[in-house]
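Peer 1: Below is one structure. I have some questions about it.
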Amino acid sequence: MIRKLYALSKFETRIVLSDKAIFLFTLIFPTVYFLFIALTRGVNASGQAFYSVIPGFWTYMVLVGVVNQITSAIVTMRENNFLKMFTFIAGDKRLIYYANLIPQVVIIQAEILIFDVVAAVIYHANPAVLKFMAAAWLANFIIIPVVSFFTSLILIIPVKVQTMGALMTGYIFLGLALAYVQTSSMTIKTLLTAINPGNFIINMYLLLIPGNGRLDNLVMLVVVAIVYLAVSNIVISRMSLNSATTRA
């Protein structure tokens with residue numbers, strides 16, 4: 001099983017790196033936008049300003065990276081009937097999903113690291129901010145898979161390639177919009193985190209801000225993550241291998 005996963009991950013990595021367009025929306029766009037804002041409006045180099053601005057960029061990069069590079073890739077494979085072929089070779093649909101997930105985690109992390117270097121220079125990051133950045137970057141090794149598992153729910157929807165772009169774009173915009181809905185109500189916060197991966201991402205980052213750690217928020221995020229993992233494994237193992245066009 002490990003050998004199959006390694007071989008499939010290596011194959012997926014070659015495919016991913018052959019498409020340079022994946023870096024456009026996940027790395028180039030947010031970095032250029034960040035630099036444009038910094039150069040035209042100026043930057044408040046305080047740690048508090050960093051904590052209030054940069055987690056939003058990270059949230060965008062993770063959500064867009066996961067949806068475009070993982071979830072959409074699996075849907076495209078299914079619609080082109082490659083998912084059926086690879087599953088026949090691997091023997092398990094979950095292996096295909098994990099083989100796609102592993103290289104994407106590495107790529108998204110590399111993109112965020114490049115962005116972090118730019119942000120650290122612009123903000124003249126102090127040791128406390130650098131420590132926060134390092135903690136957030138390491139946390140992404142948990143955040144990215146969890147968000148990927150949540151967005152796997154899309155795989156149960158009979159999405160056709162022709163409508164996938166519009167659906168994914170709407171999903172990303174809605175996720176980012178809801179991520180900025182802040183409330184003091186733990187009930188509402190839990191509900192938003194449970195239904196929107198954008199809220200899960202931003203709340204994870206906010207939890208890492210010095211002096212901002214709360215046990216109730218941590219427990220809520222852990223519970224939501226466990227639910228994501230449990231449900232997604234069921235979805236991935238039972239998702240249809242046939243394209244939506246074939247089923248239609």
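The numbering used here puts the first residue of the sequence shown at 1, with every later residue one more than the last. All residues carry an ideal CB built from backbone N, CA and C; glycine is no exception.
(1) Just to confirm, are residue 54 and residue 119 a CB contact at a threshold of 7 Å?
(2) Going straight from the alpha carbon of residue 216 to that of residue 199, what length do you get?
(3) Could you check which residue in 124, 229, 191, 210 has the C-alpha nearest to that of residue 220?
(4) Check whether the Cβ atoms of residue 101 and residue 235 sit closer than 7 Å, and answer yes or no.
(5) Check this for me: beta carbons of residue 71 and residue 151, under 7 Å apart or not?
(6) What are the boundary residues of the alpha helix (DSSP H) that residue 105 is part of?
(7) So, are the CB atoms of residue 65 and residue 31 less than 7 Å apart?
(8) Suppose only complete runs of 4+ residues qualify. What are the alpha helix (DSSP H) ranges in the region 26-100, listed by chain order?
(9) Suppose you measure from the CA of residue 145 to the CA of residue 89; what does that come to, to the nearest Å?
(10) Name the residue from 122, 112, 123, 148 whose alpha carbon lies nearest to the alpha carbon of residue 134.
(11) Are the CB atoms of residue 99 and residue 9 nearer to each other than 7 Å?
(12) Does the distance from the CB of residue 95 to the CB of residue 160 come in under 7 Å?
(13) Taking the CB atoms as reference points, tell me whether residue 197 and residue 147 lie closer together than 7 Å.
(14) Closest to residue 166 by CA distance: which of 156, 68, 116 is it?
(15) Compute the Euclidean distance between the alpha carbons of residue 248 and residue 79, then round it to the nearest angstrom.
(16) What first and last residue would you give for the alpha helix (DSSP H) that runs through residue 156?
(17) According to DSSP, is residue 183 part of a helix, a strand, or is it coil?
(18) Can you list, in chain order, the residues of its chain whose CB lies under 7 Å from that of residue 164, leaving out five sequence neighbours each side?
(19) Hey, out of 156, 214, 155, 157, whose CA is closest to residue 184's CA?
(20) For residue 181, count neighbouring C-beta atoms within 10 Å of its own C-beta (all shown protein chains included) and say buried if the count is 16 or more, exposed if not.
(21) Quick check: residue 179 and residue 202, are their CB atoms within less than 7 Å of each other?
(22) Compare the C-alpha of residue 56 against each of 206, 229, 228 and name the closest.
(23) According to the Cβ coordinates, are residue 141 and residue 228 closer than 7 Å?
Peer 2: Reading off the structure:
(1) Numbered from its first residue, the sequence shown carries residue 54 at position 54. Numbered from its first residue, the sequence shown carries residue 119 at position 119. Closer than 7 Å, so yes.
(2) The residue given as residue 216 occupies position 216 in the sequence shown. The residue given as residue 199 occupies position 199 in the sequence shown. Residue 216 and residue 199: Cα-Cα distance of roughly 15 Å.
(3) Reading the sequence shown from its first residue, position 220 is the one you call residue 220. When each option's Cα is compared against that of residue 220, the closest is 191.
(4) As a first step, residue 101 is located in the sequence shown; it is residue number 101 there, counting from the start. As a first step, residue 235 is located in the sequence shown; it is residue number 235 there, counting from the start. Contact flag unset, no.
(5) Here residue 71 refers to the residue found at position 71 of the sequence shown. Here residue 151 refers to the residue found at position 151 of the sequence shown. Yes, they are a contact pair.
(6) Here the question's residue 105 lines up with position 105 in the sequence shown. Looking at the DSSP string, the run of the alpha helix (DSSP H) that includes residue 105 is 93-123.
(7) In the sequence shown, residue 65 corresponds to position 65, counting from 1. In the sequence shown, residue 31 corresponds to position 31, counting from 1. It is not a contact, given that the beta carbons lie outside the stated cut-off.
(8) 29-41, 47-66, 72-79, 82-90
(9) Taking the first residue of the sequence shown as 1, we reach residue 145 at position 145. Taking the first residue of the sequence shown as 1, we reach residue 89 at position 89. Their backbone Cα atoms lie some 24 Å apart in a straight line.
(10) Translated into the one-based positions of the sequence shown, residue 134 becomes position 134. Of 122, 112, 123, 148, the residue nearest in Cα terms is 112.
(11) By one-based count along the sequence shown, residue 99 stands at place 99. By one-based count along the sequence shown, residue 9 stands at place 9. For residue 99 and residue 9, yes; Cβs fall inside 7 Å.
(12) Position 95 of the sequence shown, counting from 1, holds the residue named residue 95. Position 160 of the sequence shown, counting from 1, holds the residue named residue 160. No, they are not a contact pair.
(13) As a working mapping, residue 197 is identified with position 197 in the sequence shown. As a working mapping, residue 147 is identified with position 147 in the sequence shown. Taking 7 Å as the Cβ cut-off, residue 197 and residue 147 qualify as a contacting pair.
(14) Along the sequence shown, one-based indexing puts residue 166 at 166. Cα-wise, what sits closest to residue 166 is 68.
(15) Within the sequence shown, residue 248 is the residue found at index 248, counting from 1. Within the sequence shown, residue 79 is the residue found at index 79, counting from 1. Here the model assigns residue 248 a pLDDT of 48, short of 50, so the residue's position is not dependable, and the following value carries that caveat. So the two alpha carbons sit approximately 12 Å from each other.
(16) For the purposes of this step, residue 156 is identified with residue 156 of the sequence shown, where counting begins at 1. No alpha helix (DSSP H) holds residue 156; DSSP gives it neither H nor E.
(17) On the sequence shown, position 183 is the one that residue 183 refers to. Three-state DSSP puts residue 183 in coil, outside helix and strand.
(18) Taking the sequence shown and counting its residues from 1, one reaches residue 164 at position 164. Once the five neighbours on either side are set aside, the close Cβ partners of residue 164 are 72, 75.
(19) What you label residue 184 is simply residue 184 of the sequence shown in a count that begins at 1. Cα-wise, what sits closest to residue 184 is 214.
(20) By 1-based counting over the sequence shown, the position of residue 181 is 181. The residue is exposed, with fewer than 16 neighbouring Cβ atoms inside 10 Å.
(21) Within the sequence shown, the letter at position 179 stands for residue 179. Within the sequence shown, the letter at position 202 stands for residue 202. Yes; because the gap between Cβ atoms is below 7 Å, this pair is in contact.
(22) In the sequence shown, residue 56 corresponds to position 56, counting from 1. Selected option, being the one with the closest Cα: 206.
(23) Sequence index remark: in the sequence shown, residue 141 carries index 141 (1-based). Sequence index remark: in the sequence shown, residue 228 carries index 228 (1-based). No.
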